[in-house]
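S.K.:
There are 2 protein chains.
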Amino acid sequence: MRIGEVARQAGVSTRLVRYYEQQDLLAATRGSNGYREYDEDDVARVQHIASLVQSGIATKLVKELLELEDAAAEARPSCPRAVADMLATELVGIEERIACLSRSRDTIRDYLARTEHAAVLSEHAHDLGARSPVE
Amino acid sequence: MRIGEVARQAGVSTRLVRYYEQQDLLAATRGSNGYREYDEDDVARVQHIASLVQSGIATKLVKELLELEDAAAEARPSCPRAVADMLATELVGIEERIACLSRSRDTIRDYLARTEHAAVLSEHAHDLGARSPVE
DNA sequence: CTAAACTTTGACATCAATGTCAAGGTCAAG
DNA sequence: CTTGACCTTGACATTGATGTCAAAGTTTAG
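Residue numbers (the UniProt record's numbering), protein chains in the order written: chain B, 1 to 135; chain X, 1 to 135.
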């Protein structure tokens, strides 16, 4: 599949797909004509990247995260102490974001639930499971 | 307390505090000398704003969220259908970010737990409760 | 073959969030 | 009173994530 298709399926612009590649977050094989070629996994990867970036994760960190996932297989990975510290720091940053967003999610949900338009909650029904603890 | 102190306590630059005020996210009383004056609640508000912005929430939306929280008291708020729809849309956006960040959090945790530096997890100990479901 | 739709690279534009610097007022300690 | 630390406003610079446009090659449908 070519760039236009992957962009459409992932819901981003082709510009961004190229940008992600330029930032080393994504690799594409090239056809003999020079066109980038992708598969379904790439669509998922692009979606993942876009989500992370929209969540305020800098592309530099996104790259690290993707590498961690790619290397998820390794049973007992080894990394310099400094890297582990950095990751731990990023981890708390991410945890803080989650807590913060969870709070806002609850705020919106509670608000909507009390308006006369509570119905929109079930329309845009997503995962209206039990309120998860703020973690 | 003045701007330098609130900025220090909230962990942001004074520049940002003024920026937030300019974006109507924050209000300050003014002393007779023209200096902005804040209290502890403002520190919390600034921290909250900064967290939201760092989570990729645009200031325009942050403003909406803060207004919702401020108006949390109203028992049965009324809002135009269009506003409710907009909030519902933002809600799913936020839920997606939470899911995405939760996944990355798990990735980092799992990775660190398998390295020889698993200790950093308890050092930067934060809330190491049971892994919450990805919601 | 031709026209429309796509792709490539590269440059330039934009927008939001921040930093930084300057010129001047305020305040507190010595 | 003077000096250093802090505050004011305002302007300008930067950075990251994007959009947009242009010139040129490619592919595909008719």
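The beta-carbon is built from N, C-alpha and C at its ideal position, and this holds for glycine as well. Here the structure is a predicted model, which means the values were calculated and not measured.
(1) Is it the case that the Cβ atoms of X:Thr107 and B:Cys79 are separated by a distance below 8 angstroms?
(2) Tell me the rounded alpha-carbon separation between B:Asp27 and B:Ala44.
(3) For the alpha helix (DSSP H) containing B:Ala99, name the first residue and the last one.
(4) What is the rounded straight-line gap between the Cα of B:Asp85 and the Cα of X:Glu37?
(5) Since X:Glu40 is in the alpha helix (DSSP H), which residue starts that stretch and which ends it?
(6) Any heavy atom of the ligand SAM within a distance shorter than 7 angstroms of the CB on X:Tyr111?
(7) How big is the Cα-Cα spacing for X:Gln22 and X:His48?
(8) Would you kindly work out how many angstroms separate the C-alpha atoms of B:Ser13 and X:Met1, rounded to a whole number?
(9) Going straight from the alpha carbon of X:Ser122 to that of B:Glu95, what length do you get?
(10) Rounded to the nearest angstrom, what separates B:Ile98 and X:Ser104 at their Cα positions?
(11) Whole angstroms is fine: what's the gap from B:Ala118's alpha carbon to X:Glu67's?
(12) When you compare the CB of X:Ile49 with every CB in chain B, is at least one pair closer than 8 angstroms?
(13) B:Val53 and B:Val6 look like a contact to me (Cβ under 8 angstroms); what is the Cβ gap, rounded to whole Å?
(14) Return the residue from the list X:Ser51, X:Glu90, X:Arg15, X:Asn33 that minimises the CA-CA distance to B:Arg109.
(15) Which residues mark the beginning and the end of the alpha helix (DSSP H) in which X:Leu26 is found?
(16) Would you identify the three-state DSSP class for B:Glu69, choosing helix, strand or coil?
(17) Within its chain, find whatever has a CB closer than 8 angstroms to the CB of X:Asp39; leave out the 5 residues flanking it on each side and keep chain order.
(18) Check this for me: beta carbons of X:Gly56 and B:Ser55, under 8 angstroms apart or not?
M.R.: By the coordinates alone:
(1) The Cβ-Cβ distance between X:Thr107 and B:Cys79 does not fall below 8 angstroms.
(2) Per the sequence shown, residue 27 of chain B should be read as Ala rather than Asp. Using only the alpha carbons, I get a separation of about 13 angstroms.
(3) In the DSSP annotation of this structure, the continuous segment of the alpha helix (DSSP H) that includes B:Ala99 starts and ends at 81-114.
(4) Straight-line spacing of the CA atoms in B:Asp85 and X:Glu37 works out to 38 angstroms.
(5) Run containing X:Glu40: 40-54, per the alpha helix (DSSP H) assignment.
(6) Absence of the ligand SAM from the depicted structure is noted, as is the absence of any ligand whatsoever, leaving it without description.
(7) Answer to the nearest angstrom: the Cα atoms are 16 angstroms apart.
(8) The alpha-carbon separation between B:Ser13 and X:Met1 amounts to approximately 46 angstroms.
(9) Taking the straight line joining both Cα atoms gives about 14 angstroms.
(10) Cα to Cα, the separation comes out at about 11 angstroms.
(11) Spanning the two alpha carbons is a distance of roughly 18 angstroms.
(12) Cβ-Cβ to chain B under 8 angstroms: no for X:Ile49.
(13) Incorrect: roughly 16 angstroms between the Cβ atoms, too far for contact.
(14) Nearest option by C-alpha distance: X:Glu90.
(15) Annotation for X:Leu26: no alpha helix (DSSP H) segment contains it, and DSSP assigns it neither H nor E.
(16) Assigned with DSSP and collapsed to three states, B:Glu69 falls in helix.
(17) Closer than 8 angstroms at the Cβ level, and outside the excluded window around X:Asp39, lie Met1.
(18) Cβ atoms of X:Gly56 and B:Ser55: closer than 8 angstroms.
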